[in-house]
Structure formats: structure tokens, C-alpha cells
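**Student:** With my numbering applied, the sequence shown corresponds to residues 10 to 97, in that order.
Virtual Cβ for every residue (Gly too), placed ideally from N, Cα, C.
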Amino acid sequence: AAPAAAAAARPRARRFELSIKEWLQSMDDSGFLAQYHDNIASKLDSLEQIVDVYVKAGEVDTQFFADAGVKKLGHKRLFEKWFRDNAA
């Protein structure tokens with residue numbers, strides 16, 4: 010069977026294995042994004058769910074920033090870049 014057909018036959022695997030905490034750390038070594046962990050984790054269970062709820066074709070819905078409490082433009086840009094690079 011073709012590899013694509015075999016992949017399609019398997020159950021859908023989770024695309025994102027990072028915890029929310031690990032995800033925030035992976036985007037920002039200095040730890041500034043860690044401040045959003047509690048807001049995000051109180052509303053969403055996983056990075057997979059964040060992508061499913063807020064991301065369409067690599068673009069994050071601005072509601073994510075409101076829900077997560079992200080106000081700083083530089084922090085928004087870090088999230089936008091990650092979603093563009095990893096969830097398109």
C-alpha cells in the first residue's frame with residue numbers, strides 16, 4: 010500500500026505532544042511566556058485543543074490572546090510565529 014494510504018488508515022495521532030508548560034518554554038527560553046500558563050490551562054486541556062479551537066490555516070484567532078491574557082505585542086508575535094510554523 011502507498012504510504013499515504015497507510016497513514017490515512019491509522020487512527021489520528023496527537024500532533025502536539027508538548028504540555029502547555031513545555032510549549033510556552035519552547036517558544037521563549039527567557040520564560041516570559043510562562044505567565045500565561047494558568048490562564049491557558051484553566052480554559053484548555055492541551056496544545057492540541059488550543060490549535061483545534063483557535064487556529065485556522067496557521068493563523069491564530071485573536072480571541073486566543075484575549076482568553077490567554079496576552080496583551081504585549083511582542084508576545085503575540087511569538088505565538089503567531091509558532092502557530093504559523095507549526096500548525097499550518
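1) Can you tell me which of H46, S51, M36 puts its alpha carbon nearest to the alpha carbon of W5?
2) Report, in whole angstroms, the separation of the C-beta atoms of H46 and K30, which I expect to be a contact under 8 angstroms.
3) Only counting the same chain, and skipping five residues up and downstream in sequence, which positions put a Cβ closer than 8 angstroms to that of L87?
4) When the Cα atoms are used, what is the spatial distance from G83 to E89?
5) My assumption, with CB atoms under 8 angstroms, is that N48 sits in contact with A77. Please give the rounded CB distance.
6) Going along the chain, which residues of its own chain have a beta-carbon closer than 8 angstroms to the beta-carbon of A11, five neighbours each way excluded?
7) Given this structure, state the Cα-to-Cα distance separating V69 from W32, to the nearest angstrom.
**Tutor:** On the basis of the data shown:
1) With the chain represented from 10 up to 97, any question about residue 5 goes unanswered, as that position is not in the structure.
2) Here residue 46 refers to the residue found at position 37 when the sequence shown is read from its first residue. Here residue 30 refers to the residue found at position 21 when the sequence shown is read from its first residue. Under the criterion of beta carbons closer than 8 angstroms, H46 and K30 qualify as touching, at roughly 6 angstroms.
3) Here residue 87 refers to the residue found at position 78 of the sequence shown. Closer than 8 angstroms at Cβ, skipping near neighbours: M36, D37, L42.
4) Within the sequence shown, residue 83 is the residue found at index 74, counting from 1. Within the sequence shown, residue 89 is the residue found at index 80, counting from 1. When rounded, the distance between both Cα atoms is 10 angstroms.
5) Position 39 of the sequence shown holds residue 48. Position 68 of the sequence shown holds residue 77. The Cβ separation is near 5 angstroms, so the contact holds.
6) If you number the sequence shown from 1, residue 11 lands on position 2. Interpretation of A11 is limited by its pLDDT of 49, a score under 50 that renders its predicted location unreliable; the figure taken from the coordinates is listed afterwards. Short of 8 angstroms from the beta carbon of A11, and not among the five residues preceding or following it, lies no beta carbon of its own chain.
7) In the sequence shown, residue 69 corresponds to position 60, counting from 1. In the sequence shown, residue 32 corresponds to position 23, counting from 1. Looking at the two C-alpha atoms, the distance is approximately 15 angstroms.
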